[in-house]
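Residue numbers (this note's numbering): 424 to 1083.
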């Protein structure tokens, strides 16, 4: 190990030991009684806090609440079971002993209607004043002649039986001379009484029921215990106050509260001391690393008199041509705002023209700091030795002694793939499927080349895929890239990247592999198919992330709803076959577990095979075949990997710029 790195490692290890010791002592100082700890308020996701008299069996012990107040967590939040129905907890007011609930049945997709009357007998709950019942009638052999305050339930009605909803059972029978005995089932549901409830019900009874209704409960008052610093519970059929040191009948006494306060103060002091030590240690580590990087950079650049631009231009850093600041300032017309091409993750990009007529894109990095220098070095180190027809070319950079750190790239005139799919250059039909297929192949080729060179891009997205006038690909923006060793499987890093493209496994364990690029490329493939952005908050909340939306569409055999209509999916046989195959490949790339994703080399191989297939011959075979195999997604789920691995899905993402 390098002596400097070894020294830094030993220092960091010492700091970690100190932090651990302080944290352990602070924890021991403010030790808590197990039952006090067990009854800490919990919640189900973003829902209300759950505490006495309620309790969650998955998170808390039964003594934290009353037996009849048990709640459960579901995908819709906390729920309460009453009789044969389940009610979603929308809000809890512990001050007023009330909770707002809605019948979970009305959230069902097929026919959202309550099936039973709410029965609060032998429960601690009552419905608050100000609510009235609406009645649901099911499977009636006839319907009332007078439709006063009646609304049809089309989802529960067929050619022989009727279902409807309305107010006031007695009034329905009296006004319409109608016998409710003709209905097989009926159920009442409480709703809030307001002037326009009738019109609301007619427009959308489901939304009216989703508003819920208020219930009150009866239980032992908890305020005295809570004010004394305790947590309420119910054990051995009696109320009990769990204090930090031990359980008590009603409240935690003053002596204990004082003792606990003293302990908390000691623990807080220890925590603040730990924080100060961490900040001091980080400050010295930061300064040392900054000097180390500056020293490395200085030694790597030949000694150049900064006042002589022609001498600086003849110099180089790691093979990259060194430009003078003045030369690039002139090329960009003093970094004129009208020449801005876009904002990258670490700087603004400008159009420039050198004295010899060469058009360039000049990236001007943001504020001068250690992180900026690190990204500058990273991009130069990675791009300088790389030469590939689908990677943007780095012409050079300025020296560290220059007024600003600038990177000079080849200028790509036709914008980014994002511009053409859903940006300012997007036009229906302007980017046919054959062109999109070629873009996919060339992008995969560039990424496979990077991975073969032990480089992970880390920020693959359509705004980093540049297009020339012939729509040939140039992959750009290596500010986040990292060289990864060949003898390890991952490199731990801080979370970086662009929302909508980031490997979900990377967010969970902060482990970086080449499969992170594969996941991001899967999102790019879906963008090519759909012409939709990776993230769009105007879409339905379950479809804000394009990857989630695509997975749902593919798994439900609804690919046609995802495809850009201008691609001829319904009319062009070859396009339809290729789009289906690319969607299958994207599905494989978007697997949550990185082990189930193909390598970039395999992705490239599959894309080339899809592109080169003779679809005219296949079409002739399909016409003569009794079954059309183009129904790949309609006949069953797509195999989620090249080896047709069966996967159980678990639902679980820099700013774009125009040139580099």
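All C-beta atoms in this analysis are idealised placements derived from N, C-alpha and C, irrespective of residue type, glycine included.
Rounded to the nearest angstrom, what separates residue 826 and residue 898 at their Cα positions? Within the chain shown, the letter at position 403 stands for residue 826. Within the chain shown, the letter at position 475 stands for residue 898. Spanning the two alpha carbons is a distance of roughly 28 angstroms.
Tell me the DSSP secondary structure of residue 488 in three-state form. Counting from 1 along the chain shown, the entry for residue 488 is found at position 65. Note: residue 488 maps to coil in three-state DSSP.
Determine the direct distance from the alpha carbon of residue 759 to that of residue 785, and round the result to whole angstroms. Here residue 785 refers to the residue found at position 362 of the chain shown. Here residue 759 refers to the residue found at position 336 of the chain shown. Cα to Cα, residue 785 sits roughly 12 angstroms from residue 759.
Per-residue DSSP class, three states only, for residue 834: Counting from one through the chain shown, the residue named residue 834 turns up at place 411. Coil at residue 834, not helix or strand.
Tell me whether the beta-carbon of residue 850 lies closer than 8 angstroms to the beta-carbon of residue 1034. For the purposes of this step, residue 850 is taken as residue 427 along the chain shown, with counting starting at 1. For the purposes of this step, residue 1034 is taken as residue 611 along the chain shown, with counting starting at 1. Not in contact: residue 850 and residue 1034 (Cβ atoms no closer than 8 angstroms).
Straight-line Cα distance separating residue 765 from residue 755: Locating residue 755 in the chain shown gives position 332, counting from the first residue. Locating residue 765 in the chain shown gives position 342, counting from the first residue. One C-alpha to the other measures close to 14 angstroms.
I need the straight-line Cα distance from residue 555 to residue 519, nearest angstrom please. For the purposes of this step, residue 555 is identified with residue 132 of the chain shown, where counting begins at 1. For the purposes of this step, residue 519 is identified with residue 96 of the chain shown, where counting begins at 1. Their backbone Cα atoms lie some 21 angstroms apart in a straight line.
Proximity winner among 573, 628 and 583, relative to residue 601 (alpha-carbon distances): Mapped onto the chain shown, residue 601 falls at position 178. Nearest option by C-alpha distance: 573.
What alpha helix (DSSP H) runs, 4 residues minimum, are completely inside the stretch 812-898? 840-845 and 856-875
Taking buried to mean at least 16 other C-beta atoms within 10 Å of its own C-beta, is residue 1011 buried or exposed? If you number the chain shown from 1, residue 1011 lands on position 588. Sixteen is the threshold: when 16 or more other Cβ atoms of the shown chains lie within 10 Å of the Cβ of residue 1011, as they do, the residue is buried.
From 531, 615, 1019 and 530, residue whose alpha carbon lies closest to that of residue 523: The count along the chain shown starts at 1 and reaches residue 523 at position 100. Among 531, 615, 1019 and 530, the Cα nearest to that of residue 523 is on 615.
In whole angstroms, what is the alpha-carbon distance linking residue 1019 and residue 868? Numbered from 1 along the chain shown, position 596 holds the residue referred to as residue 1019. Numbered from 1 along the chain shown, position 445 holds the residue referred to as residue 868. Straight-line Cα distance between these residues: approximately 21 angstroms.
Just the C-alpha distance for residue 504 and residue 456, rounded to the nearest angstrom, thanks. Translated into positions along the chain shown, residue 504 becomes position 81. Translated into positions along the chain shown, residue 456 becomes position 33. Looking at the two C-alpha atoms, the distance is approximately 31 angstroms.
Could you pull out every unbroken alpha helix (DSSP H) segment of at least 4 residues lying fully inside the stretch 929-986, listed in chain order? 937-953 and 969-978
Please report the straight-line C-alpha distance between residue 959 and residue 777, rounded to a whole angstrom. Here residue 959 is taken as the residue at index 536 of the chain shown, counted from 1. Here residue 777 is taken as the residue at index 354 of the chain shown, counted from 1. If I take the Cα positions, the gap works out to 39 angstroms.
Assuming residue 580 is part of the alpha helix (DSSP H), what are its boundary residues? The residue you call residue 580 lines up with position 157 of the chain shown. First-last for residue 580: undefined, no H or E at that position.
Is the stretch 875-889 close to the stretch 922-941, with three or more CB pairs under 8 angstroms? yes
Any chance the stretch 486-506 sits against the stretch 694-705, with 3 or more Cβ pairs inside 8 angstroms? Taking a contact to require three or more Cβ pairs closer than 8 angstroms, the stretch 486-506 and the stretch 694-705 do not qualify as touching.
Which ranges would you report for the alpha helix (DSSP H) in the stretch 990-1021 if only whole runs of at least 4 residues count? Fully enclosed alpha helix (DSSP H) runs of 4 or longer: 996-1012.
With distances taken from CA atoms, which of 543, 856, 872 and 577 is nearest residue 814? Taking the chain shown and counting its residues from 1, one reaches residue 814 at position 391. Of the listed residues, the one whose Cα sits closest to residue 814 is 872.
What residue range does the beta strand (DSSP E) around residue 513 cover? The sequence position of residue 513 within the chain shown is 90, counting from 1. Residue range 508-516 is occupied by the beta strand (DSSP E) that includes residue 513.
Residue ranges of each beta strand (DSSP E) run of no fewer than 3 residues wholly in the stretch 615-672, ordered along the chain? 636-640, 654-658 and 661-665
Inspect the CB distances between the stretch 999-1015 and the stretch 942-950 and report whether three or more fall short of 8 angstroms. Touching, yes, given that three or more Cβ pairs across the two stretches are closer than 8 angstroms.
Are the stretch 1018-1032 and the stretch 964-974 touching by the rule of at least three beta carbon pairs closer than 8 angstroms? They do not touch, by the three-pair rule.
Nearest by alpha-carbon distance to residue 551: which of 581, 516 and 770 is it? Within the chain shown, numbered from 1, the residue matching residue 551 stands at position 128. Taking only the C-alpha atoms, the option nearest residue 551 is 516.
When the Cα atoms are used, what is the spatial distance from residue 1039 to residue 609? Taking the first residue of the chain shown as position 1, residue 1039 is located at position 616. Taking the first residue of the chain shown as position 1, residue 609 is located at position 186. As the crow flies, the alpha-carbon of residue 1039 is around 59 angstroms from that of residue 609.
Three-state secondary structure (DSSP) of residue 601: In the chain shown, the residue the question calls residue 601 occupies position 178. Note: residue 601 maps to coil in three-state DSSP.
Using 8 angstroms as the threshold, is the C-beta distance between residue 568 and residue 587 below it? Counting from 1 along the chain shown, the entry for residue 568 is found at position 145. Counting from 1 along the chain shown, the entry for residue 587 is found at position 164. The answer is no: Cβ separation not under 8 angstroms.
Decide if residue 470 is buried, meaning its Cβ has at least 16 other Cβ atoms within 10 Å, or exposed. The residue given as residue 470 occupies position 47 in the chain shown. Looking at its Cβ environment, which holds 16 or more other Cβ atoms inside 10 Å, residue 470 is buried.
Taking Cβ to Cβ, would you say residue 863 is nearer than 8 angstroms to residue 951? If you number the chain shown from 1, residue 863 lands on position 440. If you number the chain shown from 1, residue 951 lands on position 528. Yes, the pair counts as a contact, with Cβ atoms nearer than the cut-off.
Same chain, Cβ closer than 8 angstroms to residue 629, neighbours up to 5 away in sequence not counted: Taking the first residue of the chain shown as position 1, residue 629 is located at position 206. 529 and 535.
If you follow the beta strand (DSSP E) that residue 784 is part of, which residue opens it and which one closes it? On the chain shown, residue 784 is found 361 positions in, with the first residue counted as 1. That run of the beta strand (DSSP E) goes 782-788.
Please tell me whether residue 639 and residue 560 are closer than 8 angstroms, where the distance is taken between their beta carbons. As a working mapping, residue 639 is identified with position 216 in the chain shown. As a working mapping, residue 560 is identified with position 137 in the chain shown. Their beta carbons are not under 8 angstroms apart, which means residue 639 does not touch residue 560 by this criterion.
Closest to residue 605 by C-alpha separation, out of 646, 613 and 562, would be which residue? Translated into positions along the chain shown, residue 605 becomes position 182. With distances taken between Cα atoms, residue 605 lies closest to 562.
Close-in-space but distant-in-sequence residues of the same chain around residue 762 (CB under 8 angstroms, 5 per side omitted): Position 339 of the chain shown, counting from 1, holds the residue named residue 762. Excluding sequence neighbours, residue 762 sits near 755, 756, 773, 774 and 775.
For residue 473, the residue or residues it bridges with in DSSP: Working through the chain shown from its first residue, we reach residue 473 at position 50. Per DSSP, 465.
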